[in-house]
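Okay, so here's the structure we're looking at.
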Amino acid sequence: MGARHDPAEASGRARLESVSIGAPPDDPDALLVRVARGDERAFERLYDAVAPRVFGLVRRILRDPAQAEEVAQEVLVDVWRTATRFDPDKGSATSWIFTIAHRRAVDRVRSEQAGADRMRAVATSEVPYDDVVEEATAHLERLQVRRCLNGLTEVQREAITMAYYGGYTYREVASLLKVGLPAIKTRMRDGLIRLRDCLGVTV
Amino acid sequence: MATDIHTLAGAYALDAVTDIERAAFDRHVAECPSCAQELAELRETVARLTDSSSVAPPASMKHAVLATAARTRQVSPSRLAGSPAGRRTGRGWRGWMAAAAAAVVIALGAGLGGYAIAHHGNAATTAANPEIARIVTASDARLEVTTMPGGSAVSVIVSPSLNEGVAILSNMPKVRADQSYQLWLVHGTTPVSAGVMAAGATSGTRILTDVRGAGEFAISVEPAGGAAAPGSVLASVPI
């Protein structure tokens, strides 16, 4: 019995090893698939790989470090909890995780600022977003992303950075930039398509 | 119609849409494989924007996350596969939003055979109220939603061509039994009463008339039966 099992186990082990050698050890896609099977060690490695970006994004949107920590923590636990629903065919693990992070942060922003106040402030352009854009741009300096963002028209770039780093809806962005709704939707989409081509993003 | 909603692809990928628009767009993408492909690419592009915002989290966070994960049961894979779960764990009003999405799809022009407006858990089909159905399905019907902390939501659908609208209040903060929510249409700076809710009521639907020319819809808490002018405005929605 034992003799019959051993070769199978050995070859099983060999296969696993060749997989882990073949793929980068901290590739988020591979890690997330393992997390979906309840692998806590894979989750710890995934945490190390994505937590700084999750925390950074959430903090940029929320500003308040204490709140950002709370939300980032919720996001990362949610990644663990819902990893079973990640479908690698539909996109990368990082895209899936950052979408959750962005939504959670924006949810917090939108539910905390009473709708009415926020809408009023936006309508009168009282919301400072320059520093968001500046801060964002500063960080982008060393990156290809910046070069590609610079390839956009000013309105495309502003629309994208305000929506993403500022957490605004396209309606709010339209009001801040004093551009019509159909135009702002077009700018966002065209801008992202240009960015996609510049970054060479494929799915 | 389909191309119209598709122009939201960029805003959707950037998460710059309301929950209701997201629901409408999800519906659109489910029926359009090439749109799904474009969306996946735009989402990957957006994810790259995150590369630049890396900040080391406090060391205590790692322990907290791993410890919480260790005692958190993972969900079963389900029909929601592939859709980020970030908001779906949400509280009260999201359930309502999901139900209201059907009505909104019409407002966004995605076209739908059957429809319903649902609020505070009770679905009232528009078929039972032809007046509401007429307004919601008008070709120029627009929807605006404002949400507030605690699960409150105010939705307003207006049709300038019909000069009518529908206001839906959902889970508004409690008021005393001798108080009512009052609805207002603001023309310029002048608020004109658009109806008073029953004393103590925190959810309900009202048809609005004379919406043309109004720039804002507002809600206030007043003594039961209403007031001639709003006291303190609780919420307002540009329309």
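Top to bottom, those sequences are chains A and B.
Take the first sequence: its position 194, counting from 1, is numbered 194 in the numbering used here, and each next residue is one higher.
Take the second sequence: its position 217, counting from 1, is numbered 420 in the numbering used here, and each next residue is one higher.
Note that beta-carbon positions come from the ideal geometry of N, C-alpha and C, so glycine has one too.
Using a Cβ cut-off of 7 Å, which residues of the region 204-224 of chain B contact any Cβ in chain A, in chain order? The region 204-224 of chain B vs chain A, Cβ under 7 Å: 210, 211, 212, 213, 214, 216, 217, 218, 219, 220, 221.
From residue 372 of chain B to residue 217 of chain B, what distance separates their C-alpha atoms? Along the second sequence, read from residue 1 onward, the residue named residue 372 of chain B stands at position 169. Along the second sequence, read from residue 1 onward, the residue named residue 217 of chain B stands at position 14. Each residue's alpha carbon lies about 28 Å from the other.
Mind checking whether residue 88 of chain A and residue 29 of chain A have CB atoms under 7 Å apart? Walking along the first sequence from the start, residue 88 of chain A turns up at place 88. Walking along the first sequence from the start, residue 29 of chain A turns up at place 29. The answer is yes: Cβ separation under 7 Å.
Establish whether the CB of residue 376 of chain B and some CB of chain A are separated by less than 7 Å. In the second sequence, counting from the first residue as 1, residue 376 of chain B sits at position 173. Chain A, which has no Cβ nearer than 7 Å to the Cβ of residue 376 of chain B, makes this no.
Could you list which residues in chain A have their beta carbon closer than 9 Å to that of residue 334 of chain B, in chain order? Locating residue 334 of chain B in the second sequence gives position 131, counting from the first residue. Those do not exist, as residue 334 of chain B stays about 27 Å from chain A at its closest Cβ, beyond 9 Å.
Beta-carbon gap between residue 180 of chain A and residue 106 of chain A smaller than 7 Å: Position 180 of the first sequence, counting from 1, holds the residue named residue 180 of chain A. Position 106 of the first sequence, counting from 1, holds the residue named residue 106 of chain A. Taking 7 Å as the Cβ cut-off, residue 180 of chain A and residue 106 of chain A do not qualify as a contacting pair.
Reference residue 368 of chain B; option with closest CA among B:438, B:338, B:212: In the second sequence, the residue the question calls residue 368 of chain B occupies position 165. If we check each option's Cα against that of residue 368 of chain B, B:338 comes out closest.
Between the CA atoms of residue 94 of chain A and residue 36 of chain A - distance to the nearest angstrom: Working through the first sequence from its first residue, we reach residue 36 of chain A at position 36. Working through the first sequence from its first residue, we reach residue 94 of chain A at position 94. Within the model, the alpha-carbon separation for residue 36 of chain A versus residue 94 of chain A is close to 15 Å.
Contact set for residue 71 of chain A: own chain, Cβ-Cβ below 7 Å, skip 5 residues either direction: Your numbering for residue 71 of chain A matches position 71 in the first sequence. Annotation for residue 71 of chain A: 58, 62, 104, 105, 108 place their beta carbon closer than 7 Å to its own, counting only its chain and skipping 5 residues before and after.
So, with DSSP's three-state summary, where would you put residue 234 of chain B? The residue given as residue 234 of chain B occupies position 31 in the second sequence. Residue 234 of chain B falls in the coil class under three-state DSSP.
From B:362, B:251, B:388, B:356, residue whose alpha carbon lies closest to that of residue 223 of chain B: In the second sequence, residue 223 of chain B corresponds to position 20, counting from 1. Of all alpha-carbon atoms in B:362, B:251, B:388, B:356, the one lying nearest the alpha-carbon of residue 223 of chain B is that of B:356.
Among the candidates B:247, B:271, B:270, B:410, whose CA atom is the shortest distance from the CA of residue 388 of chain B? Position 185 of the second sequence, counted from the start, is the residue given in the question as residue 388 of chain B. Taking only the C-alpha atoms, the option nearest residue 388 of chain B is B:410.
If we count the other Cβ atoms within 10 Å of its Cβ and call it buried at 16 or more, is residue 303 of chain B buried or exposed? Here residue 303 of chain B refers to the residue found at position 100 when the second sequence is read from its first residue. Any reading at residue 303 of chain B needs caution, since the residue's pLDDT is 43, under 50, leaving its predicted position unreliable; the model's value is listed next. Burial call: buried.
Any C-beta of chain A sitting closer than 7 Å to the C-beta of residue 277 of chain B? As a position in the second sequence, residue 277 of chain B is number 74, starting the count at 1. It does; some Cβ of chain A falls within 7 Å.
For residue 145 of chain A, which residues in chain B fall below 7 Å Cβ to Cβ? As a working note, residue 145 of chain A is residue 145 in the first sequence. Correct list: 251, 252, 254, 255.
Any beta carbon from chain A within less than 7 Å of residue 393 of chain B's own beta carbon? Translated into positions along the second sequence, residue 393 of chain B becomes position 190. It does not: the Cβ of residue 393 of chain B has no partner Cβ on chain A nearer than 7 Å.
Check whether chain A comes within 7 Å of residue 389 of chain B, counting only Cβ atoms and requiring the distance to be less than that. Here residue 389 of chain B refers to the residue found at position 186 of the second sequence. No, its Cβ sits nowhere closer than 7 Å to a Cβ of chain A.
Distance between residue 98 of chain A and residue 276 of chain B (C-alpha atoms, nearest Å): Here residue 276 of chain B corresponds to residue number 73 of the second sequence, with the count starting at 1. Here residue 98 of chain A corresponds to residue number 98 of the first sequence, with the count starting at 1. When rounded, the distance between both Cα atoms is 22 Å.
Buried or exposed for residue 236 of chain B, going by 16 or more other Cβ atoms inside 10 Å? Walking along the second sequence from the start, residue 236 of chain B turns up at place 33. Counting Cβ neighbours within 10 Å, residue 236 of chain B comes out exposed, since fewer than 16 surround it.
Taking C-beta pairs closer than 8 Å, name the residues in chain B that residue 52 of chain A reaches, listed in chain order. Counted from its first residue, the first sequence places residue 52 of chain A at position 52. Close to residue 52 of chain A, with beta-carbon spacing below 8 Å, are these residues of chain B in chain order: 257, 258, 259, 260.
Presumed contact (8 Å Cβ cut-off) between residue 184 of chain A and residue 159 of chain A, rounded CB distance: Counted from its first residue, the first sequence places residue 184 of chain A at position 184. Counted from its first residue, the first sequence places residue 159 of chain A at position 159. Between the beta-carbon of residue 184 of chain A and that of residue 159 of chain A there is about 6 Å, and that keeps the pair under the 8 Å contact cut.
Applying the criterion that 16 or more other CB atoms from any shown protein chain within 10 Å of the CB defines a buried residue, is residue 259 of chain B buried or exposed? Against the second sequence, residue 259 of chain B aligns to sequence position 56. Classification for residue 259 of chain B: exposed.
How big is the Cα-Cα spacing for residue 150 of chain A and residue 161 of chain A? By one-based count along the first sequence, residue 150 of chain A stands at place 150. By one-based count along the first sequence, residue 161 of chain A stands at place 161. Looking at the two C-alpha atoms, the distance is approximately 12 Å.
Residues bridged to residue 382 of chain B (per DSSP): Position 179 of the second sequence, counted from the first residue, corresponds to residue 382 of chain B. Partner(s): B:426.
Helix, strand or coil for residue 272 of chain B per DSSP? Counting from 1 along the second sequence, the entry for residue 272 of chain B is found at position 69. Helix at residue 272 of chain B.
Return yes when the Cβ of residue 31 of chain A is within less than 7 Å of the Cβ of residue 45 of chain A, no when it is not. To locate residue 45 of chain A, count along the first sequence from 1; it is residue 45. To locate residue 31 of chain A, count along the first sequence from 1; it is residue 31. Annotated as proximal: residue 45 of chain A and residue 31 of chain A, with beta-carbon spacing under 7 Å.
Starting from residue 246 of chain B, find everything on chain A with Cβ-Cβ shorter than 7 Å and list it in chain order. Here residue 246 of chain B refers to the residue found at position 43 of the second sequence. Result: 91, 95, 99.
If I follow the unbroken beta strand (DSSP E) through residue 398 of chain B, where does it start and stop? On the second sequence, position 195 is the one that residue 398 of chain B refers to. Residues 393-399.
With distances taken from CA atoms, which of A:172, A:75, A:164 is nearest residue 245 of chain B? Indexing the second sequence from 1 puts residue 245 of chain B at position 42. The shortest CA-to-CA distance from residue 245 of chain B to any of A:172, A:75, A:164 is the one to A:164.
Thinking C-alpha only, which one of A:186, A:148, A:177, A:178 is nearest residue 248 of chain B? One-based indexing of the second sequence puts residue 248 of chain B at position 45. Checked all of A:186, A:148, A:177, A:178; the closest Cα to residue 248 of chain B is A:148.
Would you mind reading off the limits of the alpha helix (DSSP H) that contains residue 199 of chain A? The residue labelled residue 199 of chain A in the question sits at position 199 within the first sequence. In the DSSP assignment, residue 199 of chain A falls within the unbroken alpha helix (DSSP H) covering 181-199.
Using the beta-carbon of each residue, which ones in chain A are nearer than 8 Å to residue 344 of chain B? Here residue 344 of chain B refers to the residue found at position 141 when the second sequence is read from its first residue. Chain A residues near residue 344 of chain B: none, gap ~15 Å exceeds 8 Å.
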